[in-house]
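In our numbering, the protein residues as written are 51 to 506.
C-beta: ideal position from N, C-alpha, C; glycine also.
Reading through the structure tokens given below for one structure.
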Amino acid sequence: MLKKIYLILIIIGISCFVTIVPLSATDEINIESTYDSGTYYNQIHDLKLISDKENINIYYTTNGSTPNESSKLYNQSKSIMIHQNTTLKFIGYNVTNSSQTSQVYTFDFIIDENSTITPNLVAGTYYNQIHNLRVSSSSGGVIYYTTDGSTPNNQSNLYDGDVIMIHHSQSLKFISYDKKGVGSQIYSYQYIIDENPNITPNIKPGTYYSEIHTLKVSSSSNGTIYYTTDGSAPTNKSKKYDGKVIMVHHSQILKFILYSDTSNSKVFSYNYTINKSPVTANPSSKKINKNFKVSLSIKGNGKIYYKLNNDAYKLYSKPIKITKSSKLNFYGKDSLGHDSNVLTKKYVIDKVVPKIKSSSPKSYGKLKGKNVVIAYSEKIDKVNSKSLSKITLINTKNKKKVSIDVKILNNKLIISPKAKLKPNIKYYIVIPKKTIKDIAGNIFSPLKQYKLTFKV
């Protein structure tokens with residue numbers, strides 16, 4: 051028992067002897083801080099300075115100036131408080147030999163209680179895949195992230211500064227950690243990838259029969275729509291679509307484009323034709339001596355309505371038979387229910403053969419002018435291209451033909467001798483049968499020729 055007591059006393063004596071050995075002039079003084087330089091997301095309330103030697107006074111500054119024995123003396127029973135960005139400098143002095151000091155230690159502390167993580171591309175809608183997304187921390191902390199919308203922590207993907215590829219719509223979440231392992235708030239960024247955005251009008255492009263007052267467009271993706279109405283390519287400097295109706299007063303090519311914050315879609319082009327008279331009739335008008343049919347056609351996908359004379363309007367489905375002189379009214383109705391202008395065509399069925407009303411000179415009369423003029427009861431025409439060449443002027447004395455020019459002017463047949471006719475000699479004009487007809491096609495004198503005798 052006495053041996054054990056002696057042994058304990060010897061050990062205590064040795065220990066006490068070691069601690070009271072004076073610091074050698076050649077010993078190096080080392081001082082450590084419980085916090086390393088760096089960024090912290092909370093204020094520091096428990097920073098301590100620890101020397102590896104006894105009898106060391108530590109002096110420090112927090113304004114970046116060089117510390118000395120006139121600086122603030124560190125109280126080892128208390129902590130240094132760091133409330134803001136601070137440069138902490140400290141030095142140790144040997145209590146028994148003030149000429150023996152440690153080096154000056156410098157620690158820089160950044161207190162960033164509002165640390166942010168910012169991407170180089172703003173969150174939003176993109177019309178192409180993203181191949182160049184990067185993020186940065188305002189505090190320089192270590193960043194971790196997820197791409198599946200889950201909450202990140204220090205076991206998530208470590209961001210190494212390289213680009214993040216986004217091939218489809220994703221919710222990216224980030225967190226950064228300071229030197230003490232304290233995490234920042236979580237930052238979430240939603241990226242929508244829509245490689246095929248559409249801009250769709252509520253009225254299909256095509257032909258319409260009156261002005262359009264209800265045209266609107268919508269997009270399948272987020273973004274701002276811009277458009278032009280003159281056929282030029284739109285940009286984000288063009289007119290901004292505000293969701294109200296676009297008025298189409300005449301035929302126009304409307305072009306639209308969709309812009310997100312950083313990209314744009316392709317150009318969408320829609321052609322609107324305003325045709326207020328889209329229906330055509332074939333024949334458009336006619337004077338004829340027999341029954342016939344009129345066909346109606348329309349531009350676009352509208353329907354045709356018509357009426358004959360005083361009948362009610364009805365839907366057109368097949369050619370219209372005309373059996374008497376008639377007035378045909380018709381119009382088109384487009385897919386919006388808009389009516390076109392009403393057009394009117396007149397058709398005449400004339401079965402009356404034209405007659406000669408007068409002649410100058412009269413039969414067996416005297417020609418006083420240069421031309422022989424035969425007037426018919428209505429407007430006339432030649433039966434064919436050779437008809438007028440068959441009309442002849444004969445000198446009754448020598449039975450020879452006189453060279454003539456023949457022309458038709460409305461209801462008149464004008465015969466002009468090319469040579470001067472001799473006085474007191476009888477001449478006669480012969481108009482063969484089937485030479486002259488009216489506009490309806492009724493042929494004058496179909497069975498016999500016409501003969502006009504006169505004297506100069």
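Annotated three-state conformation of residue 432 is strand, per DSSP. Judged by their CB atoms, residue 189 and residue 160 are nearer to each other than the 8 Å cut-off.
Selection 297, 131 and 82 evaluated against residue 101 yields 82 as nearest (Cα-Cα).
Sixteen is the threshold: since fewer than 16 other Cβ atoms of the shown chains lie within 10 Å of the Cβ of residue 394, the residue is exposed.
With contacts defined as CB atoms closer than 8 Å, residue 316 and residue 283 fail to qualify as a contacting pair.
Of all alpha-carbon atoms in 191, 221, 322 and 113, the one lying nearest the alpha-carbon of residue 208 is that of 191. Here the alpha carbons of residue 297 and residue 310 stand approximately 26 Å from one another.
Assignment of residue 463 by DSSP, reduced to helix, strand and coil, places it in the strand class. In the assembly as shown, residue 165 is a buried residue. Its beta-carbon has 16 or more other beta-carbons within 10 Å. Close CB contacts of residue 371 within its chain, under the 6 Å cut and outside five residues either way in sequence, are with 343 (chain order).
Scanning its chain for C-beta atoms nearer than 6 Å, with the 5 sequence neighbours on each side dropped, one finds around residue 490 the residues 337, 338, 339 and 400, in chain order. Closest in C-alpha terms to residue 449, from the list 469, 475, 458 and 459, comes 475. Between residue 391 and residue 177, the CB-CB gap reaches or exceeds 8 Å. The stretch 98–113 makes contact with the stretch 142–150; the number of CB pairs closer than 8 Å reaches 3 or more. Ranking 465, 387 and 195 by CA distance to the CA of residue 421 puts 465 first. By DSSP's assignment, residue 314 forms a beta bridge with 309. Proximity to residue 86 across 250, 137, 273 and 123 peaks at 137, based on C-alpha coordinates. Within its own chain, the residues whose Cβ lies closer than 8 Å to the Cβ of residue 468, once the five positions on either side in sequence are excluded, are 452, 453, 454 and 455, listed in chain order. If you ignore the 5 residues before and after residue 202, its C-beta comes within less than 8 Å of the C-beta of 194, 195, 196, 223, 224, 225 and 236, all in its own chain and listed in chain order.
Taking the Cα positions, residue 267 is about 9 Å away from residue 291. Taking all protein chains shown into account, residue 402 has fewer than 16 neighbouring C-beta atoms within 10 Å of its C-beta and is therefore exposed.
For residue 506, no beta strand (DSSP E) run applies, since DSSP gives it neither H nor E. Secondary structure of residue 497 (DSSP, three-state): coil. Excluding residues up to 5 positions away in sequence, 363, 364, 365, 366, 380, 381 and 383 lie with their Cβ nearer than 7 Å to the Cβ of residue 355 in the same chain.
The beta strand (DSSP E) runs of length 3 or more contained entirely in the stretch 373–433 are, from start to end of the chain, 376–383, 393–399, 406–410, 422–426 and 430–432.
Rounded to the nearest whole angstrom, the CA to CA distance from residue 408 to residue 427 is 9 Å. Taking 8 Å as the cut-off, the beta carbon of residue 430 is found closer than this to the beta carbon of residue 488. The C-beta distance from residue 265 to residue 253 rounds to 5 Å, short enough to fall under 8 Å. For residue 142, the uninterrupted beta strand (DSSP E) segment begins and ends at 136–144. Using a Cβ distance threshold of 8 Å, residue 180 and residue 239 do not count as a contacting pair. The Cβ atoms of residue 271 and residue 244 lie closer than 8 Å to each other. Under the DSSP assignment, residue 296 falls in the beta strand (DSSP E) whose first and last residues are 296–298. Under a 10 Å Cβ-count criterion, residue 325 is classified as buried, with 16 or more other Cβ atoms of the shown protein chains found around its own Cβ. By the criterion of a C-beta distance shorter than 6 Å, residue 373 is surrounded in its chain by 341, once the five residues flanking it on both sides are discounted. Residue 285 counts as exposed, since fewer than 16 other C-beta atoms from the protein chains shown sit within 10 angstroms of its C-beta.
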